[in-house]
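Visitor:
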Amino acid sequence: MVTGASSGIGRACALRFAEEEASVACLDINDTANEATAASCQAQGAEAMAITCNVAEKADVTAAVKQVMENWGRIDVLITAAGTTASTPLTEVKLSSWQQLLAVNLTGVFLCNQAVANIMMAQKSGSIINLSSMAGKTSWPATAEYSAAKSGVIGLTRSVAMELAPHGVTVNAVCPGHVLTPMLRQIAAEAGLREGITGEEWLAMRAQDCPQQRMAAPWEIAGVIAFLASKDARYITGQAIEADGGMVMS
Ligand SMILES: NC(=O)c1ccc[n+]([C@@H]2O[C@H](COP(=O)([O-])OP(=O)(O)OC[C@H]3O[C@@H](n4cnc5c(N)ncnc54)[C@H](O)[C@@H]3O)[C@@H](O)[C@H]2O)c1
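Using the working numbering, the first residue of the sequence shown is number 1, and each one after it goes up by one.
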């Protein structure tokens, strides 16, 4: 089950898990693109379904989980990649924008984790991988609500990992650096405008900030997530793993 499956990292995860012969439930608010992701998974020979789901709405999440259980009877992996971003200086952040971003990026992750917990505990197996960010471990100007939400995801992940560990379920967060997706291009356009440069120039500068001097492709993050869902990662839980080309070293 992949949230945010219609774009970027979520889409790359859906395709990677289809390649691994998983049955993939694609959840997103963007119906057309989400159906395209599910169709691409099917074209690889996997079973896949597209489910319209706003992760910030408990009723949507509950209905999506019910649909998956009715069709496939189990949920082995949850990937919470649905998210939005913001790049507004602190003094200009509206309370409504703060609440909306937290609702999707933090409450949405909580609702999805909560919705699969009993199922995975009853199965005595399962992997949850929550998308945090390097912004969950460090911060930049004009990222107050995003950074707060992503730090929150790391704390949430640790607590859920503690509760589910005795039941054979692993729960980890992945903290990507700059990944070339529509979200990053939106940030680049907004930040570039503030700094008087183009989005492409802003992206080139950010690539130079990275020890590897490049950005990631979405499939590289999907690869880390596939590892965390694999048997090889059974003894890893409660971690927030950076996949950022060395941007944050701890
Ligand atoms: N791209 C990066 O550089 C980067 C870096 C670190 C972390 N991340 C995180 O990775 C995750 C995926 O980001 P991405 O870059 O692929 O972004 P993206 O914008 O390409 O994709 C995000 C997806 O989430 C969906 N979505 C948004 N709100 C939703 C909601 N309420 N309910 C359901 N779906 C919703 C969108 O429709 C979209 O398909 C996000 O949590 C993001 O914060 C991204």
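Beta carbons are placed, not taken as given, at the ideal position from N, Cα and C, and that holds for glycine. This one's a predicted model, so the numbers in the text were calculated from it and none came from an experiment.
Assuming contact is defined by CB atoms lying nearer than 8 Å, are A63 and C41 in contact in what I supplied?
Guide: Position 63 of the sequence shown, counted from the first residue, corresponds to residue 63. Position 41 of the sequence shown, counted from the first residue, corresponds to residue 41. Taking 8 Å as the Cβ cut-off, A63 and C41 do not qualify as a contacting pair.
Visitor: If I221 sits next to A12, beta carbons under 8 Å apart, how far is it from one beta carbon to the other, in whole angstroms?
Guide: Here residue 221 is taken as the residue at index 221 of the sequence shown, counted from 1. Here residue 12 is taken as the residue at index 12 of the sequence shown, counted from 1. Yes, they are in contact, since the Cβ atoms of I221 and A12 sit about 7 Å apart, within 8 Å.
Visitor: For a test of the three-state rule: what should DSSP assign to A242, helix, strand or coil?
Guide: To locate residue 242, count along the sequence shown from 1; it is residue 242. Position check: residue 242 holds Glu in this sequence, whereas Ala was assumed. Three-state DSSP puts E242 in a strand.
Visitor: Report the option in E70, L90 and E20 whose CA atom is closest to the CA atom of W140.
Guide: Your numbering for residue 140 matches position 140 in the sequence shown. The candidate whose alpha carbon is nearest that of W140 is L90.
Visitor: If you draw a straight line from the C-alpha of Q208 to the C-alpha of I129, how long is it?
Guide: The residue you call residue 208 lines up with position 208 of the sequence shown. The residue you call residue 129 lines up with position 129 of the sequence shown. One C-alpha to the other measures close to 29 Å.
Visitor: Just to check my reading of the structure: A166 and A243 have Cβ atoms closer than 8 Å, yes? What is that Cβ distance to the nearest angstrom?
Guide: Taking the first residue of the sequence shown as position 1, residue 166 is located at position 166. Taking the first residue of the sequence shown as position 1, residue 243 is located at position 243. Residue identity differs from the one stated: residue 166 is Pro in this sequence, not Ala. At roughly 28 Å, the Cβ-Cβ gap does not stay under 8 Å, so P166 and A243 are not in contact.
Visitor: Figure out for me which residue from A149, G10 and T84 has the closest Cα to the Cα of A50.
Guide: Working through the sequence shown from its first residue, we reach residue 50 at position 50. Of A149, G10 and T84, the residue nearest in Cα terms is G10.
Visitor: Where do the ends of the beta strand (DSSP E) carrying T52 lie?
Guide: Counting from 1 along the sequence shown, the entry for residue 52 is found at position 52. Residues A48 to T52.
Visitor: Counting C-beta neighbours from all protein chains within 10 Å, is the total for Y235 16 or more, i.e. buried, or is it exposed?
Guide: Working through the sequence shown from its first residue, we reach residue 235 at position 235. Residue burial annotation: Y235 is exposed, with fewer than 16 other C-beta atoms found within 10 angstroms of its C-beta.
Visitor: According to the neighbour-count rule (16 or more other Cβ atoms, all chains shown, within 10 Å of its Cβ), is R194 buried or exposed?
Guide: What you label residue 194 is simply residue 194 of the sequence shown in a count that begins at 1. R194 comes out exposed.
Visitor: Nearest to A46 by alpha carbon, out of C53, E19 and N54?
Guide: Position 46 of the sequence shown, counted from the first residue, corresponds to residue 46. The residue with the shortest Cα to Cα distance from A46 is E19.
Visitor: Given the structure, does D209 come close to ligand 1, in the sense that its CB is under 7 Å from one of the ligand's heavy atoms?
Guide: The count along the sequence shown starts at 1 and reaches residue 209 at position 209. Outside the cutoff, so no.
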